[in-house]
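Residue numbers (our numbering), protein chains in the order written: chain A, 103 to 228; chain B, 901 to 1368; chain C, 23 to 448. Using N, Cα and C, we set each Cβ at its ideal position, and we do this for glycine too. Input: a single structure, listed below in structure tokens.
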Amino acid sequence: MSKILEGLKYSESHEWVKAEGNIAWVGVSDFAQKEMGDITYVDLPEEGDDVLAGEEFGALESVKAASDLICPVSGTVVAVNAELEDTPEKVNEDAYAAWIIKVEMSDPSQADALMDAAAYKAFIGE
Amino acid sequence: MKYYDKLIFELSKEGRCGYSLPQNKFPASPEVPLQLRREAPLGLPEVSEPDVVRHYTNLSQMNFGVDTGFYPLGSCTMKYNPKINEEMAALQGFAGLHPLMHAGLVKGALKVYQEMNKALAAITGMYTFTLDPCAGAHGELTGLMIMRTYHMQRGDFKRTKVIVPDSAHGTNPASAAVCGLEVVEVKSLENGRIDVEALKPLLTDEVAGIMMTNPNTLGLFETEIKTIAKLVHEAGGLLYYDGANMNPLMGVVRPGDMGFDIMHLNLHKTFSTPHGGGGPGSGPVGVAKHLEDCIPDLRVSGFHGNFGVILRAYAYILSLGKDHLKKVGQYAVLSANYIKECLKDKYKLPIEGVCKHEFVFDGLIHDGAHDDVPGATTLDVAKRLLDYGFHAPTIYFPLLFHQALMIEPTETESKETLDAFIGVMRKIADEAAQDPMILHEAPHNTPISRPDETTAARNPILKYQDAQ
Amino acid sequence: MLDRIGVKKLEDLYSDVPAEFLKKGAYALPDAMSEQEIRDYFASLEAMNASLKVFVGQGAYDHYTPAVIPYLCSRSEFLTAYTPYQCEISQGTLRYIFEYQSMICALTGLDVSNASMYDGPTAAAEAMKMAIACTRKKTRVLLSKALLPHVIKVVETYAKFHGVEMGYLDASEGQTSLQALREELSRGDVAGVIVPSVNRYGIIEDHSGFADAIHAEKAILVEYCDPSALAVVKTPGEWGADIAVGDGQSLGLPLCYGGPYVGFMAVKKEHMRKMPGRIVGQTVDKEGRRVFVLTLQAREQHIKREKATSNICSNESLMALWVTIYLSLMGPEGLREVNRISSDGAHYLKAELLKTGKFDDVFPDKPFLKEFVLKPKAFPGLLQKRLEEAGFFAALDTEEGYVSFCVTEKRSKEETDRLVAIVKEG
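Below, the structure is given as structure tokens:
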């Protein structure tokens, strides 16, 4: 069983969003990190990059796989979790503590439209 | 024997060397000017000739080649490499030729190119070949460049998409991207073949062509090839043949006759040149007559391709001649089907029917999973095979199945070898059913056990200096 | 075997192939030859080639090959192995690739080397693509006109299809112009710049100020090198380059009419994840022993498919072994000695040729090693023919109307004097 946190929003590509006003923290769900296995590298965007909902903003890599990170909201990257560059295993250890980017959203209603915990739980079918 | 754990750098003793250079009889030339001179120490090992010979002999003994044992690596066509080919490629009259010598000085080499071109054309039904590409993926890229050139020469600039089946080798979409083409994926049917109905709507006037492997990566012949060729051609596209799987067709079917316009061959697969631990290979590209003019301006490698590999492949073609070449495909297919039939009660065969040179199992039928012990996976089977002295098949490819185990025996193995392999594969299946832990912990008898690949990727140590 | 499969004859194994595609009749090919017939036939082909003393380089150098190398490289455990996917039974291949990577890093002064590529020109083309990938959104790459002609041609071919715009840097003074570089950079949109360490005229280039100017525009500096010469000339690392590429052929590989050779690529650590090709890394096995594996594979085509930086899925592994053994045997002193003898021979030949009065010097003040160009005072066709008849391959025409010469440690003073005598006679 994967961990699903109440109060977060989830995308179909398994990213989570924690929105406060027009600021959103984005990471991947516990389900996603389990699917990937041991994560060996997190390909991060740069601060100041523009991101679009539904478009990739980076990637997770494991020994035998790579998976694009899809941004659930549009806006500008105001911070990246640089700690993940050297310690990608933090995503495996606690996917909800290991935020990946912080976005200043251009349209905060995009976050509202994502799945809540219950809907995501049903979506992954666990 | 003791585990050998040296790197050449660790044998270094200051002042030793392993060379013998002629005495310098020229007057001294000026030193390299100070501002252009290397300042950093050179950092190479200093070792004697016996040190070098022992070290690399020891390293070789930690390797497994086709000459060591059976190598049923799917999609790689690990057939035996005849030794006469090595002798021919090493002849000084070829090895000493400078690549910029004009035609009058290299008549023998050019004759090899011409005759090789003719032979490959006869075998494949294509019109002419370029022998410049150095590998299969390099051939794919060259072939796609030819495809784009054809459309551009006709003033048709909107054809920037290429259709690739979901079962394709990873190099197909990657080559397309390098060539500036957008990849459109077409799905496979339940029976592993291309879904013709799904293909139809994809064939727009933006499609440059389709890349196909036939037989495909499941080892299955694309029975609808005639319809596919007709549809693609009617839509103005070209058909590209990925020759990685040409071996079963040798002597039986020619890609040119099936309607393919462009193709590459892997001389290191079908034509028996040694894989060399990952190269050098050679990936000649053949075209139909109407594409002849698209080749000349393409310069994809430094000089004339891997001439040394071409020499080996030509010696192979001459050794077999027209009669024995005809048997290559049939015997390769015979071996594959024999193994498949002898193992399908122990391993899941997702698609029944006659295969070509290779086939894919989707893991064990009884993986031994019980209580808290997970079942044996394809990786476990592969590692256990190493214990029994066989190379592992290709695993986790194609991506259509989760536990893919892809077996290609080739035509050069005896029935006794195939039977021994079948016996071991059955034994491993029984071991898994009884106690999957034996497999989880395999290999037990190799020089090393399973490595920690996660740490290797998280904290890369990529040179000797990093490890110090 | 047929019974077990449940078919009657071999032909039945192709029952799924439409009958019209089944090849009828024999191939239009010769009959099979026995081993002895093959030997005789290849001997006849070999005899059609000229056997000449090579005094030309231009990207393929006739350096000496120690006897140990072909002997060890023909060991079938190396020769007949596949790519080292099953690391438990491929430690031999993985270890020598790790050694190769270490030596390429030592030669170039950069951080990370891949396991090798097809040849130097394709490695340069890969570096061009990598510069685009590293800089995002920029589409232009600058090439020095002093790069070897075949390098420029291959990079142009890749660029045309990959959608990369090329710019060119003047080198009419015998070395890539810093002034031209600054002007091109100021036009913007430059992702990378490829310059030769030792150029097509044999001249050792001075790249002072190049890295600063290029990095100020957030672009990538690629140095195309002759790895043998890196024993004595400033390294890409010392020039501040981001990527070094070149052909390992000069490290003892036979000329072999152009291949197989071995391209190398080394990069600064920050660009490691965008580097194409295989990479071997060190780790431990379950018992804690030092072992080697293919690593950082998530960059590669079999995982990333169309998103990979490159479509390359092999390396020139056996040639990388060849280079590794060469560098082990030569060591630092041997490689310096190779450069010393070659440079002494080339300087001697150039001086003697100028004394004949048949050539003008083109770049009299520029430093060079084993290779140089001269401007013939008369049409060189006749001279080249006479040299060939006397057993020399020398005075190769260049695009600029010069003739190119090269001397390696394999050329004796006697041979060199004989060549000069032929020139004098004409």
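Inset, instruction - Starting from N1237(B), find everything on chain C with Cβ-Cβ shorter than 7 Å and list it in chain order. - result: I27, L35
message: According to DSSP, is T1317(B) part of a helix, a strand, or is it coil?
response: helix
Taking the continuous beta strand (DSSP E) assigned at F1301(B), which residues delimit it? That residue, F1301(B), is in no beta strand (DSSP E); it is neither H nor E in DSSP.
inquiry  = Given a cut-off of 7 Å on the beta-carbon distance, is the pair T1124(B) and N1116(B) in contact?
reply    = Reading the sequence as shown, one finds Glu at residue 1124(B) and not Thr. Cβ atoms of E1124(B) and N1116(B): not closer than 7 Å.
Q.
For N1166(B) and G123(A), what's the separation of their Cα atoms in angstroms?
A. 58 Å
Quiz item: Whose Cβ in chain C lies nearer than 8 Å to the Cβ of S164(A)?
Solution: A320
* Does the beta carbon of E946(B) sit closer than 7 Å to a beta carbon anywhere in chain C? -> yes
With distance defined between alpha-carbon atoms, name the residue in A1035(B), D1105(B), D1330(B), G1263(B) nearest to H1204(B). A1035(B)
Alpha carbon of Q113(C) to alpha carbon of Y1296(B), nearest angstrom: 22 Å
Beta carbons nearer than 8 Å to chain A: which residues of the region 271–301 of chain C have them? R295
Review point. For the alpha helix (DSSP H) that W261(C) lies in, which residues bound it at each end?
Key: 258–261
Practice task
State yes or no: is the beta carbon of A184(A) nearer than 7 Å to at least one beta carbon in chain C?
Solution key: no
Notebook entry, point to check: What residues in its chain sit with their C-beta under 7 Å from that of A1215(B), if we drop five residues either side in the sequence?
Noted result: I984, N985, M988
Closest by CA to L405(C), which one among A145(C), L441(C), V76(C), E59(C)? L441(C)
Review point. Near L1010(B), which residues of its chain fall below 8 Å by C-beta distance, leaving aside the five closest residues on each side in sequence?
Key: A1003
Task: P154(C), enclosing alpha helix (DSSP H) - first and last residue - done: For the sequence presented, residue 154(C) should be read as Ile rather than Pro. 142–157 is the extent of the alpha helix (DSSP H) around I154(C).
**Prompt:** K159(C) touches chain A at which residues, Cβ-Cβ below 9 Å?
**Reply:** Ordered by position in chain A, no residue passes the 9 Å Cβ test against K159(C), which lies about 11 Å from the chain.
Is it buried or exposed for G28(C), if we count other Cβ within 10 angstroms and need 16 for buried?
exposed
Under 9 Å, CB to CB, which of the residues in the region 133–155 of chain A have a partner in chain B?
G139, D140, I141, T142, Y143
>> Would R1358(B) pass as an interface residue toward chain A - the criterion being a Cβ-Cβ separation below 7 Å?
In response: yes
What do you reckon, are the CB atoms on N333(C) and V1078(B) nearer than 7 Å? yes
Can you check whether the C-beta of I174(C) is within less than 7 Å of a C-beta belonging to chain B? no
Decide yes or no for the touch test of the region 262–274 of chain C against the region 78–93 of chain C: beta carbon pairs closer than 8 Å, at least 3 of them. yes
Pop quiz: G1253(B) and L1305(B) are said to be a contact at Cβ under 8 Å. What is the actual Cβ separation, rounded to whole angstroms? Not quite, the Cβ-Cβ distance comes to about 18 Å (not below 8 Å), so this is no contact.
| query | So, helix, strand or coil for K308(C), using DSSP? | reply | coil
Could you please give me the residues that DSSP links to L1264(B) through a beta bridge? Y1247(B)
Practice prompt. Taking C-beta pairs closer than 8 Å, name the residues in chain B that T144(C) reaches, listed in chain order.
Written response: C1034, H1038, V1200, S1201, G1202
Spatial neighbours of K446(C) in its chain, beta-carbon cut-off 6 Å, leaving aside the 5 residues before and after | T378
Q.
Counting C-beta neighbours from all protein chains within 10 Å, is the total for N1345(B) 16 or more, i.e. buried, or is it exposed?
A. exposed
* **Chain-ordered neighbours of E1353(B) on chain A, where CB pairs are closer than 9 Å** => D140, T142, V165, K166
Which of helix, strand or coil DSSP assigns to E1082(B)
strand
- Item | For F414(C): DSSP bridge partner residues | K75(C)
| query | How should N886(B) be labelled, buried or exposed, when 16 other C-beta atoms within 10 angstroms of its C-beta is the threshold for buried? | reply | Outside the shown range of chain B (901 to 1368) lies residue 886(B), about which nothing can therefore be said.
Review point. Fully enclosed by the region 1103–1179 of chain B, which beta strand (DSSP E) runs are 3 residues long or longer?
Key: 1107–1112, 1138–1143, 1162–1165
Residues that E191(A) contacts on chain B, provided the C-beta gap is smaller than 9 Å:
T1354, R1358
> Which of helix, strand or coil does DSSP assign to E987(B)?
Replying inline: helix
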